[in-house]
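Trainee: Pasting a structure below so you can have a look.
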Amino acid sequence: MYRKPDRKELTVLKRAFNKWGIFEFAQQNALVLNDLGYSKIKEVFIVSSFLEGIICHRQPYYAGLKIGELKKNSHRLCREQIL
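With the sequence shown counted from 1, adding 4 to any position gets you the numbering used here.
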């Protein structure tokens, strides 16, 4: 199920983007999480701001560019998890 990141997840993502030097790029685009029901992993996708509402409403199979994963137990986005 695609959704917008909550406050805690957004903070973790912004810190990681600032560390990697892509904070400005990430601010210009929208972030969408795919909360996989069968595992504790949340996939992070970057999409255009225009498509964010459509993706959260329609729930397509694929959406945006996958840039990483958030694990539920650690809430860390590691550089090794970037595709």
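The beta-carbon is built from N, C-alpha and C at its ideal position, and this holds for glycine as well. All figures in this text were calculated on a predicted structure; none of them were measured in a lab.
Unbroken beta strand (DSSP E) runs of length 3 or more, entirely within the segment 13-41: which are they?
Mentor: 34-39
Trainee: Applying the 10 Å Cβ sphere with the 16-neighbour rule, what's the burial state of lysine 46?
Mentor: The residue you call residue 46 lines up with position 42 of the sequence shown. The residue is buried, with at least 16 neighbouring Cβ atoms inside 10 Å.
Trainee: Asparagine 22: buried (16+ other C-beta within 10 angstroms of its C-beta) or exposed?
Mentor: Residue mapping note: residue 22 aligns to position 18 of the sequence shown, counting from 1. By the neighbour-count rule (16 or more Cβ atoms within 10 Å), asparagine 22 is not buried but exposed.
Trainee: Are the segment 45-61 and the segment 15-33 touching, with three or more C-beta to C-beta distances below 8 Å?
Mentor: yes
Trainee: Per DSSP, what are the beta-bridge partners of tyrosine 65 in this structure?
Mentor: Here residue 65 refers to the residue found at position 61 when the sequence shown is read from its first residue. Answer by DSSP bridge pairing: none, since tyrosine 65 is not bridged.
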